[in-house]
Ligand SMILES: NC(=O)c1ccc[n+]([C@@H]2O[C@H](COP(=O)([O-])OP(=O)(O)OC[C@H]3O[C@@H](n4cnc5c(N)ncnc54)[C@H](O)[C@@H]3O)[C@@H](O)[C@H]2O)c1
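Residue numbers (my numbering): 44 to 345.
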């Protein structure tokens, strides 16, 4: 049953048959001549609008670029009042696409722990663009302390960013999807640490927070499914970013150790998440919701 006017099926299906249905249609019409394969069309985000928290750097910036490469207008939210050098380089690079895609930084900085600030910032984007299609909650922090002595305020800090902050982004973007009746995609960045414990690291707050993100994605997916809003999580393994550099640059022996903990025998690169982000954000994953996609070099398989 349709609810509140949401489309029963994704836009791409509404317009033309795809896959085997396209081949059967061609046979029925007895059409001849060259056929344009359609697979990559399904990944197009042309004209769509996305929001990425933690988009100033690291995985968030890589994901923002991915959305823009697929054609989207992307808004990055992060703490600094002005974006960093890497962000500006990516922004300039996107300007050269000449596809209508763009990357904008929400000026003044947005703290994901502040629910009202996040809701207002994303509502403003909705006012401006009059649509909302994709939300990626990538802002996160990593902090460690011995579990039996973990200070309550430090534990709370990790929870505030990694759990409450992710919820605030999902809420803010979801509200705009509801407002514009979009069959949208919310992607919550969890971690393999939500499903396994990192050997020899006292990261109880981080690991707990990431488990919460997995369950948040499943819960929201069930609530929002009737509105055709999909919610999934991505669980990366060890990837070199500023977050992990805090460990890897001060304890270089960790490179080999972490690399040896997955069957591929190496750390991941941020760009190795491009495929899964493009897939989850696009109409190529329209039947996927409530799922966690592990991208860990197989770390979780051992
Ligand atoms: N790098 C990895 O190996 C790895 C593995 C699994 C999961 N992750 C997750 O991926 C996400 C991105 O991590 P990363 O490796 O790119 O780290 P990063 O530190 O490079 O980026 C995190 C970003 O979040 C922003 N941020 C932190 N607190 C914020 C707040 N209160 N409000 C707004 N923005 C805030 C930071 O300013 C930063 O730009 C995190 O959720 C992290 O837990 C990373």
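Beta carbons: idealized from backbone N, C-alpha and C, even for Gly.
Nothing here was measured: the structure is a model prediction, and the numbers come from that model.
Its chain contains 187 as the residues whose beta carbon lies nearer than 6 Å to that of residue 246, once the 5 sequence neighbours on both sides are disregarded; these appear in chain order. Beta-bridge pairing by DSSP links residue 178 to 94 and 229.
Less than 8 Å separates the beta-carbon of residue 320 from that of residue 109. DSSP, read as helix, strand or coil, puts residue 313 in helix. Within the chosen limit of 7 Å, ligand 1 reaches the beta carbon of residue 182 through at least one heavy atom. Nearest in C-alpha terms to residue 94, of all of 123, 191, 80 and 176, is 176. Per DSSP, the unbroken beta strand (DSSP E) holding residue 120 starts and ends at 116-120. Its Cα nearest to that of residue 90, the residue 172 stands out among 129, 172 and 76.
Taking a C-beta distance under 8 Å as the contact criterion, residue 268 and residue 329 do not qualify as a contact pair. A check of alpha carbon separations from residue 149 across 124, 137 and 138 identifies 124 as the nearest. When secondary structure is reduced to three states using DSSP, residue 203 falls in the helix class. About 7 Å separates the beta carbons of residue 340 and residue 309, which is inside the 8 Å limit, making them a contact pair. Annotation: the continuous beta strand (DSSP E) that includes residue 145 extends over 145-148. Judged by beta-carbon spacing, residue 168 lies beyond the 8 Å limit of residue 227, meaning their Cβ atoms are not closer than that value. Residue 137 and residue 101 have their C-alpha atoms spaced approximately 17 Å apart. Under the 10 Å beta carbon count, residue 345 is surrounded by fewer than 16 other beta carbons and is classified as exposed. Across the structure, residue 334 and residue 262 are spaced so that their CA atoms are roughly 11 Å apart. DSSP, reduced to helix, strand and coil, places residue 273 within a strand of the structure shown. With a threshold of 16 other beta carbon atoms within 10 Å, residue 279 meets it and is buried. In this structure, ligand 1 has no non-hydrogen atom nearer than 7 Å to the beta-carbon of residue 109. For residue 278, DSSP records a beta bridge to 337.
By the Cβ rule, the segment 177-186 counts as touching the segment 205-215, because three or more pairs are nearer than 8 Å. Residue 83 is classed as exposed because its beta carbon has fewer than 16 other beta carbons within 10 Å across all chains shown.
The distance from the Cβ of residue 72 to that of residue 314 is about 41 Å, inconsistent with a contact at the 8 Å cut-off. Contact annotation: residue 259 and residue 291 have beta-carbon atoms that are not nearer than 8 Å.
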